[in-house]
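Everything below concerns the one structure shown next.
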Amino acid sequence: MLNLMKTNTSNQNFFKEGSYIQKLTPYFQLESSSQSAGWSAQKVTNIHLMFQLVRTLVSPNNPLNQTAACQKVMNSCNLLKQLCTILMASGVPADVLTATINTVSEIIRGNLANQEFFASVMAPSKPPRPAIVVLLMSMVNEKQPFVLRCAVLYCFQSFLFKNEVGQSQIVQTLLPTTADVNTITAGQLLCGGLFSGDSLSNWFASVALLHAILENNTQREQLLRVQLATSLGNPPVSLLQQCCNMLAQGGKLQTRIGLLMLLCGWLSDCSIAVTHFLCNTANVPYLIAQISASEGEEQEQLVQGLCAFLLGISVLFNDDQNETFNKDSLCKIIANRIGMETFIDKLSQVTKNESYTKAAKRAHLNYKHPNEVIFDYEFTRLFKSLENEVLRAVSVSDNKGKTGLSASIHEHSSIVIQYKELIREQDLQLNELRKELKGYKSQSDSNKEEFEESKQQIQQLKDQNAVLKAQKGSQDGKNEIAQLKQEIETLQTKLKTKDDEMKQISAELIAAKAACVNLNELTSEENKENCPTETARLHASIQQLSSELSELRHTVAAKDEQIKATLSQKEQLEKMLEKSDSKDETSSASEERLIALDEQVKTVQNEKASLQTRLTKSNDENLKLLDKIKKLEEEKTALNNEKANVLADTESLKKEQDDLLVLLSEQDGKIEEYKEKLKELGCVIEDDDDEDDDDLDVVDLEYGPDESDDDKDS
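Numbers in this note's numbering are just positions in the sequence shown, counted from 1, shifted up by 9.
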């Protein structure tokens, strides 16, 4: 859902118009039982994802009308109220609290109704305090987690964004009042942070005060009335003078840059503030000394550039009320004691700094370490809008009565501005190229990993293929196939031989039937002396047939027919014995023939049983041979299929390897081409070229032990 709605206005409209925002509110309801039981890891993960979903709908990068519509719905459906409840609840993990503050910040940013609701939220403390005061207490407390303090500042900025009423309320807490002195106000907390010994608290408080007077001349003038008590017996000092005194005393980088940003925003478009600033005669010499100083470290160049910007604002918005430091005198000082080239160079150092570029990208304070905090987003907008005007004001005012010099300086300044724009564009292009190069490097690394994995897979397949070849062997497969073919041919020959034998036996059966007919004819003749001879011949023929029908199925049927014929002969002979009583010799001969026929029948029956047994065994052996042939053919087919699959996989992997090699060569060419372009642009290419990660990163923090002084002061 997050991916579908990021930078997709149509999907966001669908989500809003489908009343799905109202359905998000129950997800943020806290139950007392769950609070006492603690927050599980899954619950924390789920609520973080829900926070991201809400922030996607009200992101400052969305169109203004789209963001305003979603902010209105979130207030009307009590989603903002529910988030404020989480904000003020106890026992909430630090990372969840930080994400809640960031989400509330973007819901109220630029929306007056939501800002008024947030101003009315009270913390459940004794006595009750406004939520904004409780948050500021965390911001100026150096013991609190860094990301939590950044989130509070972002919330404070969002509360004052396009909110003149809120700005007035904050400034009023700085002015003298008859209220209870024991009541902690936002003004007291900001002043405490501004003059704290913690440089990060100084920076947070300076930026917070800057947003309280941003684009609001009325509050700039009101802030001039703020008086600070000093040591006992000394007169109070104005807030402006105290800031200048702190700046002159030096201090850490974050302290000085925070104060310079506050003074630049305070004096811009406010002539009265400029007059008050110039009334202190020590301020201008300090700025001149800073600007004229020889170039030092990169951080000191930032301070010098901001001092040049502050001095230029004093010229641009100078109403000439101060005779000592009017426009003309200041321009002469810049020309004579600093030099226009030096002034312009110092001023240009600000926009060249990487911290300035990073801060100018988004209003949200996306920092991981305290030492990364240098510039504020709104200040970068102010600097960008006034930089060219400051240069023109200094150049024009400085060159009255010096027409030739004015033309040259004006031309020089215009050329410098053009070069600055060109350098800025080149810096942006260089950053984009660096990002692309980093992406190509990561893609190249991933491709190399895939290539190595493919090589390993190919090698494994080759090894497996070699093992299969060693086990099975292509030659062994051919020998087995030839052997199977030979066995099949042998079986076919045997079958053909058996068919021939069956034909021969059929012919002999026909002859046997004819012999039986002849035997019947012989029995009808009483005095034939050749009957024993015919019977013996028939018996021999029957024995020969029984030996030839050893393995054939059709022989059984033939013998059955022969048995039936013999039985019929027996019946005929018995009838003949009953009728023939006349001759004893004939009767005795018939009885002997009958006994012989009975024995012959028994013999034929035994032979029939033996033939049936042998025929069954032969059929079983044939079936076993057929099964063996079938199994061998199946094994042959499986081996062929396996061999074909292995060959296909090998060819596919070879093709993928070739494609990866081509892709890697193309990417190496592109990388070399980009390196050449970067070298042409004057950039030194190194192997380890890191890029700051600008993604939103929520850090798990808790209210707990103090941070080390080294981390805070870095």
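Each residue gets a CB set at the ideal place from its N, CA and C atoms; glycine is no exception.
Below 8 Å between beta carbons: does that hold for residue i and residue j?
i, j, result
"Ile117", "Cys79", "no"
"His220", "Phe165", "yes"
"Leu232", "Leu248", "yes"
"Leu276", "Cys252", "no"
"Thr351", "Arg433", "no"
"Gly175", "Gln228", "no"
"Leu151", "Leu198", "It is Glu, not Leu, that sits at residue 151 in the sequence shown. No."
"Cys288", "Asn331", "yes"
"Leu339", "Glu398", "no"
"Gln310", "Gln299", "no"
"Glu630", "Ser463", "no"
"Thr112", "Leu39", "no"
"Ser404", "Arg346", "no"
"Leu237", "Cys200", "yes"
"Val725", "Gly267", "Given a span of 10 to 723 for the chain in the structure shown, any question on residue 725 remains unanswerable."
"Val67", "Glu26", "no"
"Ala128", "Pro139", "yes"
"Gln466", "Leu662", "yes"
"Tyr386", "Lys679", "no"
"Asn225", "Glu173", "yes"
"Phe204", "Val149", "no"
For residue i and residue j, I'd like the C-alpha separation in whole angstroms.
i, j, result
"Gly202", "Ile424", "42 Å"
"Tyr733", "Leu88", "Outside the displayed span of the chain (10 to 723) sits residue 733, for which this structure offers no information."
"Asn375", "Gln178", "28 Å"
"Arg371", "Asp104", "21 Å"
"Leu96", "Ile110", "7 Å"
"Val142", "Gln452", "48 Å"
"Pro185", "Ile342", "38 Å"
"Leu13", "Ala108", "21 Å"
"Leu670", "Ala368", "42 Å"
"Gln51", "Pro102", "13 Å"
"Gly321", "Ser147", "36 Å"
"Ala653", "Val693", "54 Å"
"Lys377", "Leu157", "11 Å"
"Lys637", "Gln621", "24 Å"
"Ala344", "Asp207", "37 Å"
"Gly100", "Gly47", "8 Å"
"Pro72", "Thr18", "8 Å"
"Lys261", "Val53", "38 Å"
"Cys317", "Asn327", "The sequence as given places Ala at residue 317; Cys does not occur at that position. Looking at the two C-alpha atoms, the distance is approximately 15 Å."
"Thr76", "Thr16", "12 Å"
"Ser134", "Thr192", "13 Å"
"Lys633", "Lys639", "10 Å"
"Ile281", "Gln250", "14 Å"
Only counting the same chain, and skipping five residues up and downstream in sequence, which positions put a Cβ closer than 8 Å to that of residue i?
i, result
"Met10", "Leu62"
"Met59", "Leu33, Tyr36, Phe37"
"Asn254", "Val246"
"Leu319", "Leu269, Leu272, Cys273, Leu276, Leu296"
"Leu673", "Ser453, Asn456, Lys457, Phe460"
"Thr412", "Unreliable placement is indicated for Thr412, whose pLDDT of 48 sits below 50; the coordinate value is still reported in the next sentence. Around Thr412: no qualifying Cβ."
"Gln438", "Leu690"
"Val293", "Leu287, Leu320, Ser323, Phe334, Leu339, Ile342"
"His57", "Asp104, Val105, Ala108, Val707"
"Ala6", "Because residue 6 is not part of the residues shown, which for the chain are 10 to 723, the question remains open."
"Glu307", "Asn362"
For residue i, I'd like the list of residues in its chain whose CB is within less than 6 Å of its CB, leaving aside the five on either flank, ordered along the chain.
i, result
"Gln258", "none"
"Ser357", "Lys429"
Going by beta carbon distance, what residues of the same chain come within less than 7 Å of residue i, once the five residues before and after it are set aside?
i, result
"Ala195", "Ile141, Val142, Leu145, Ile179, Thr182"
"Asp329", "Asn335, Lys336"
"Phe126", "Asn84, Leu89"
"Asp658", "Leu470"
At least three beta-carbon pairs within less than 8 Å, the segment 438 to 449 to the segment 678 to 697: yes
Write down every uninterrupted run of the alpha helix (DSSP H) in the segment 239 to 300 whose length is 4 residues or greater and which is fully enclosed by it, in chain order. 248 to 257, 262 to 276, 280 to 288
In chain order, which continuous runs of the alpha helix (DSSP H) of length 4 or greater are located wholly inside the segment 49 to 103? 50 to 66, 73 to 85, 88 to 97
If you scan the segment 194 to 225 from start to end, which runs of the beta strand (DSSP E) of 3 or more residues do you find wholly inside it? none
Threshold first: 4 residues or longer. Then list the alpha helix (DSSP H) segments lying entirely within the segment 327 to 356, N to C. 336 to 342
Every unbroken alpha helix (DSSP H) inside the segment 150 to 178 [4 residues or more]: 155 to 169
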